[in-house]
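Inspection log for the structure reproduced underneath, given as structure tokens.
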Amino acid sequence: MSSKPTEYSSGLLWFTREGDQITLGVTDAALEELGSVESVEFAEPG
Numbered sequence: 862m863s864s865k866p867t868e869y870s871s872g873l874l875w876f877t878r879e880g881d882q883i884t885l886g887v888t889d890a891a892l893e894e895l896g897s898v899e900s901v902e903f904a905e906p907g
């Protein structure tokens with residue numbers, strides 16, 4: 862897995878793509894704004 866994010870979304874989320882796997886992360890700025898992240902919901906494929 863790559864150690865550096867390859868793409869950012871609104872400066873709050875980052876993600877890397879490797880093949881069919883995506884790793885999603887939250888930036889420090891997002892944690893400061895949100896406080897904590899308890900769950901993440903993804904849309905169904907398609």
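In the numbering used here, the protein residues as written are 862 to 907.
Even glycine gets a Cβ: it sits at the ideal position worked out from N, Cα and C.
Exercise. With distances taken from CA atoms, which of D881, R878 and V887 is nearest S871?
Worked result: V887
Problem set entry | Check whether L934 and L874 have beta carbons under 8 Å apart | No answer is possible for residue 934: it lies beyond the span of the chain, which begins at 862 and ends at 907.
Exercise. Considering L874, what are the terminal residues of the beta strand (DSSP E) in which it resides?
Worked result: L874 to E879
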